[in-house]
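**Q**
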Amino acid sequence: LLKIKGSCSTWGAGHFSTFDNYLYDFSGSCNYIFTTVCNDVSPDFNIQFRRGVNKKITRIIIELGPVVITVEKNIIVLKDVGVIKLPYTSNGIQIAPFGRTVRLVTKLMEMELEVIWNNDDYLMVMVERKYMRKTCGMCGNFDGQELNEFLSEGKLLDAYQFATLQKMDDPSEICPSEEMAIPSIPRKKYARICSQLLNLVSPACNVSKKAFVIRCQLDMQDCSDPGQRNCTCATLSEYSRQCAMSNQAVSDWRTVGKCSADQIYKECGSPCVKTCSNPEYSCSSYCTYGCFCPEGTVLDDISKNRTCVPIDQCPCTLNGERYDPGVTMKATCRTCKCTMGQWNCNELPCPGRCSLEGGSFVTTFDSRSYRFHGVCTYILMKSSSLPYNGTLMAVYDKSGYSHSETSLTAIIYLSAKDKIVISQNELLTDDELKWLPYRSGDITIFRQSSTHIQMYTTFGLELIVQTWPVFHVYIKVGLLFKGRTLGLCGNYNGDTTDDFMTSMDIIEGTAALFVDSWRSGNCHSAAERDTDPCSMSQLNKMSAETHCSILTKKGTVFEKCHSVVNPAPFYKRCIYQACNYEETFPYICSALGSYARVCASMGLILVNWRDTVDNCTISCTGNQTFSYHTEACDRTCLSLSDQTLECYPTDIPIDGCNCPKGTYLNHRSECVRKSMCPCYLEDKRFILPDQSTIIGGITCYCVNGKMSCTGKPQDPAGMHLATPPKKYVSCSQNSENKYGASCSPTCQMLATGIECVPTRCESGCVCNDGLYENLDGMCVPPDECPCEYGGISYKKGEEIHTECKTCTCTRGKWKCVQKSKCSSTCTLYGEGHVTTFDGQRFVFDGNCEYILATDGCGMNSSHSTFKIVTENVICGKSGVTCSRSIKIHLENMTLILAEETYFVYGDNPLTQFHVKKNALHLMFDIIIPGKYNMTLIWNKHMNIFIKIFREAQDHLCGLCGNYNGNMRDDFETRSKYVAANELEFVNSWKENPMCGDVFFVVDPCSKNPYRKAWAERKCSIINSQVFAPCHSKVYRMPYYDACVRDSCGCDSGGDCECMCDAIAVYAKACLDVGVCIDWRAPEFCPVYCDYFNTHQKSDSEGTYSYNYWDEQNCTWHYRPCNCPQQNYKYVNIEGNDFTVSGLAALLTTLSPQVFLEDTHLWFQAPSHHASQAELRASLPPDSRFRLAIPLHFTVISQHAGPRSSTCG
């Protein structure tokens, strides 16, 4: 790797080694340009230095565009920042100790530079080879020729004349040019000792010793004590460095001062410091001299003293705190012990939780969050674990004028025994209003506080209903429900990726289609809002941001929870709710309350948060008091009469009003002493304190509220009549069915298997008994009901093929068969956007190398068979970062993807890899036998797609997550605990522990507001009709948001390239689900010049469409996808058809004969003798073949039978 860079150095009293390895001597005391880019108005770099009268380097100036670093008197000053301390990392610059030297590394999208100095007499610069023939200064012209450094305008200069051209005076300084001194002639008497000393440094080094012997002789004779060995230490050090940089062995030749007690000196030690945070760290850097940790120990970079310790003595970190080895921590649903710097965690049994919040947000049992806007009754959860065929439903209704102002208004529990409806301020059972508390068999419903109602059951289901300020529902189920639920709350199997399982038993790609399949009524389809509701009004947006920002700001009551619960998703939800709903403040308060509830579940009660936010305080009636942790038990007179009615604690604290301790709520909503409590009878009548009544013939007294009561449900039912083929049913008073057509049978309702629960009467047409209405409005028998997927209807018996399953439509439901192998894809794209293997999304602005994915992550396994690393660098003025290169480590082999090509270093005979190219992508197929099949697709820029098939369920780790199917724990850090936010997670996966941490995510659109309108306009193609066929398959809003962010942030050149890359990621996601979008055009993200050769114009619409079948021998033509009829056996990407060109090369070597039969293309090797009649067509062996999709091909040979393929 070092060979792709050039190095230049100066040392001692004035020795120089140029980029072209020419050695010369000059010791002037003016300011000189060490190296810069010549003839450039704004050079990428300009490095200057000055020597003092003692010939030591007194000042170094490093200019990197607008960034200027000055090193003087061992102090490093950064322009506009001031004095900095090491290690320092910011804006693409890292300055850190490097052995006994200091190293500055700058990595930007288009440049990489390294500067090393020792605060004495040494300075070195390393630049990329793309600067060859472009540099000037004391380091020469970097043209690869050693002897022409001093050539100027055809004239050969001496060292002093050459140096005069490089002089750069300070302002108000006129430094006289150095006079040419009488050249020192090396004395031969020092030649032998110098040769001996250089051999002592490295006997077998292939760096030429001749020039260094001369520098050594000059050092010896100019020394204050001539001839002594220490006179030439600087030259010996430089020789040692150059040998080390050439991967030559060097010996411990120098005598140095002692290192600290726990470190040892090495002449050639690795600067890639292994630490407690990354004990496996390795890098490609050359060695250097200095003090290092002994073998078997690592640097403790977690503790303040930074000593060397055995790895089993490494401490752990959790939420920024340090914990000693052996310490055990208890967290939600797990206990963890600190072992060898990592948390060894054991999972504990925990209940499943599903939440409905903010009017339109749902979080499933497996932690998948989504949003929808619908007006209907939906099945939240049905399960065989619910008694009497129980089902939980949610009622959504309009709450404003716009189509997206829909909110949860009621929750329904329906079984063969009960029908319970809990709404904002009332409880209905079988349409009869009931007072709280209410009991029916195994179900008890009571008011836990003034703002919360609780439904407790003995069969493992529990509901907490928040009635103010916005109707929320929190569902908790026991472990016996695991893997046995269906509905809007998901299937509770621990796998987030299949939570959108529809009532027809297939996984949908968008929330709206998933939700529609669980309608319990004949309702309109749900919708996802296409646009940002805040874009309609800047005033609303500013108000929302002002009030919601309290969640993320430092110094607020919410800050103490930031290390435990990431506020970012709640902030986004708060902004959306505030702009979407006309009643702004209730929805802002509900979003803040949702965050406070999650914090409370983690043991952090955010006391007084309501007092710090406008309009969020709760006023209590009478003499009740508000509390952030309240419950009804021992706070009501009723709880004294019957503890079984109201004494069911919540495991997550709730807030609201209740009576102060020692007082109890009576029938008049007053808080009274126990002696003033009435007693409640079974029929809801009550007896005042100290009064009596006769129960069972016995006279009883009411003392301190001791009496009991219960209630009974009723079960009336209504019917409606229908005659074939359809009959109109009105909502008139004379109608036999008071709900009209609201429950007319549909095929979609048949798929849910749940009885319709009407909430209002609707007039309309209904099918005859035994018939069901399909999507076309026709009445069909149940066996003829179609299935739905991606918004398309499929007839009985039709099949669809996804990557992991083959599904057949049967009686309106999909019957799916799992394929033997299944994969998952992790994506890194644009300015730090990541989608993990399990579907978690996040963005970061890290400036370092980060591990994307690796194996060998278990506590008992540190050996990895692969590791994929991204090098992220600054790529915008706002501080956003992008991937500059990708490194794929396959044990002893490394693939580096950079500069639109790839490099291979080393060899691994046990691993197979193949590379395919087209105009837009490089595709790598990597096979690690018995473990993984990987396909990596790189767009030669900032996007990488990592697709992995696993032979076994091996644990993976890195920024791509752990690939266990559940996004809930995707933020698992290197030390094996789940971080509260993405930045703590990202920082743990730095490859180099010395890199700076990421503390915030940049919002480039707020820093570049003038670009936002342009970005939104350009990125709107994602929401347009161009991508309409994909909208029902892949949720587009995350891709649109990423496109807008990247387009705002990409302000250092290549603006449109960043935007096009972001749109291409959505197009690729569409391809992955079988939707091919032809979105590029000559005026929009063009990548080819043959648009009008491959597209035909539609006379009716005036639009152009791609024509696959007209192309003949033009394999170089761009194609929006290589396989328009998706076959999941292959990876489908846009570009020209590299697969066919590879096949053509194969056919050329085989010299086959070819014939075409129907849609099958046969290639016949020469060894197989076929009759002429069998050959329908024959082509010369040097032809290039072009497959017209969807042709099949088969290769026939003597040694193997036919091998068929499609679309390949």
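Read in order, the letters of the sequence shown correspond to residues 221 to 1428 in my numbering.
Each residue gets a CB set at the ideal place from its N, CA and C atoms; glycine is no exception.
1) Starting from Met465, trace the alpha helix (DSSP H) both ways and give me its first and last residue.
2) Between His692, Asn713, Val833, which has its C-alpha nearest Ile874's C-alpha?
3) Taking the alpha carbon of Ile695 as the reference point, which residue from Thr583, Gly741, Pro965 has its own alpha carbon closest?
4) Roughly how far, in whole angstroms, is the beta-carbon of Asn251 from the beta-carbon of Gln268, given that I think they are within contact range, below 8 Å?
5) On the CB-based measure, 16 or more other CB atoms within 10 Å of its CB, does Trp563 come out buried or exposed?
6) Mind checking which residues open and close the alpha helix (DSSP H) that includes Ile434?
7) Taking the alpha helix (DSSP H) that Pro789 falls in, what are its first and last residues?
8) The alpha helix (DSSP H) that contains Met1113, what's its start and end?
9) Kindly list the residues whose CB is nearer than 7 Å to the CB of Asn828, restricted to its own chain and excluding five residues on each side of it in sequence; keep chain order.
10) So who's on the other strand from Pro317, going by DSSP bridges?
11) Less than 8 Å between the beta carbons of Leu858 and Tyr900, yes or no?
12) What number of angstroms, rounded off, separates the C-alpha of Ala469 from the C-alpha of Asn419?
13) Between Asp662 and Ile673, what straight-line distance do the alpha-carbon atoms span, to the nearest angstrom?
14) Out of curiosity, what's the CA-to-CA distance linking Pro1386 and Glu728?
15) With three or more beta-carbon pairs closer than 8 Å as the criterion, would you say the segment 511-524 touches the segment 335-350?
16) Quick check on DSSP: helix, strand or coil for Ala1301?
17) If you run the structure through DSSP and keep just helix, strand and coil, what is Gln268?
18) What residue from Thr772, Phe679, Ser392 has the CA that sits closest to Leu700's CA?
19) So, for Gln462: in the same chain, excluding its five sequence neighbours on each side, which residues have a beta-carbon less than 7 Å away from its beta-carbon?
20) Would you check if the distance between the CB atom of Tyr649 and the CB atom of Pro657 is smaller than 8 Å?
21) Comparing alpha-carbon positions, which option in Arg320, Thr1028, Gly1269 lies nearest Ser1226?
22) Hey, would you say Ser624 sits closer than 8 Å to His593, going by beta carbons?
23) Mapping the DSSP letters down to three states, classify Thr913 as helix, strand or coil.
24) If contacts are defined as beta-carbon pairs under 8 Å, then Asn1228 and Asp1217 qualify, I think. What distance do you get, rounded to the angstrom?
25) Does Ile336 come out as helix, strand or coil in the three-state DSSP assignment?
26) Going along the chain, which residues of its own chain have a beta-carbon closer than 7 Å to the beta-carbon of Gly1059, five neighbours each way excluded?
27) Using a Cβ-Cβ cut-off of 8 Å (strictly less than) and excluding sequence neighbours within five positions of Thr508, which residues of its own chain qualify?
28) Leaving aside the five residues before and after Cys429 along the sequence, list all residues of the same chain whose C-beta is less than 6 Å from its C-beta, in chain order.
29) Can you give me the C-alpha to C-alpha distance between Gly578 and Ile918, rounded to a whole angstrom?
30) Taking its Cβ as the centre, do 16 or more other Cβ atoms sit within 10 Å of His1083, making it buried, or is it exposed?
31) For Ser247 versus Arg271, is the C-beta distance shorter than 8 Å?
32) Alpha carbon to alpha carbon, how far is Lys1097 from Asn760?
33) Buried or exposed: which applies to Tyr815, given that a residue is buried once 16 or more other Cβ atoms fall within 10 Å of its Cβ?
34) Let's see if you can read the secondary structure: which residues bound the alpha helix (DSSP H) around His1251?
35) So, with DSSP's three-state summary, where would you put Arg1396?
36) Where do the N-terminal and C-terminal ends of the alpha helix (DSSP H) with Asp1145 fall, by residue?
**A** In short:
1) 453-465
2) His692
3) Thr583
4) 6 Å
5) buried
6) 430-442
7) 788-800
8) Element bounds for Met1113: not the alpha helix (DSSP H) but the beta strand (DSSP E), 1113-1118.
9) Val777
10) Val322
11) yes
12) 12 Å
13) 17 Å
14) Per-residue confidence for Pro1386 stands at a pLDDT of 39, beneath the threshold of 50, marking its modelled position as unreliable; the derived number appears in the next sentence. Cα to Cα, Pro1386 sits roughly 49 Å from Glu728.
15) no
16) strand
17) strand
18) Phe679
19) Val427
20) Inspection of the sequence shows that residue 649 is occupied by Thr rather than by Tyr. Against a cut-off of 8 Å, the Cβ pair of Pro657 and Thr649 comes out as no contact.
21) Gly1269
22) yes
23) strand
24) Rounded, the Cβ-Cβ distance is 25 Å, inconsistent with contact.
25) strand
26) Thr716, Thr717, Met1187
27) Phe318, Gly319, Arg320, Thr321, Arg461, Ala464, Cys488, Gly489, Pro491
28) Checking the displayed sequence, the identity of residue 429 turns out to be Lys instead of Cys. Around Lys429: Leu418.
29) 53 Å
30) exposed
31) yes
32) 29 Å
33) buried
34) 1248-1251
35) Here the model assigns Arg1396 a pLDDT of 34, short of 50, so the residue's position is not dependable and the matter cannot be decided.
36) Asp1145 -> not in any alpha helix (DSSP H); beta strand (DSSP E) instead, spanning 1142-1148.
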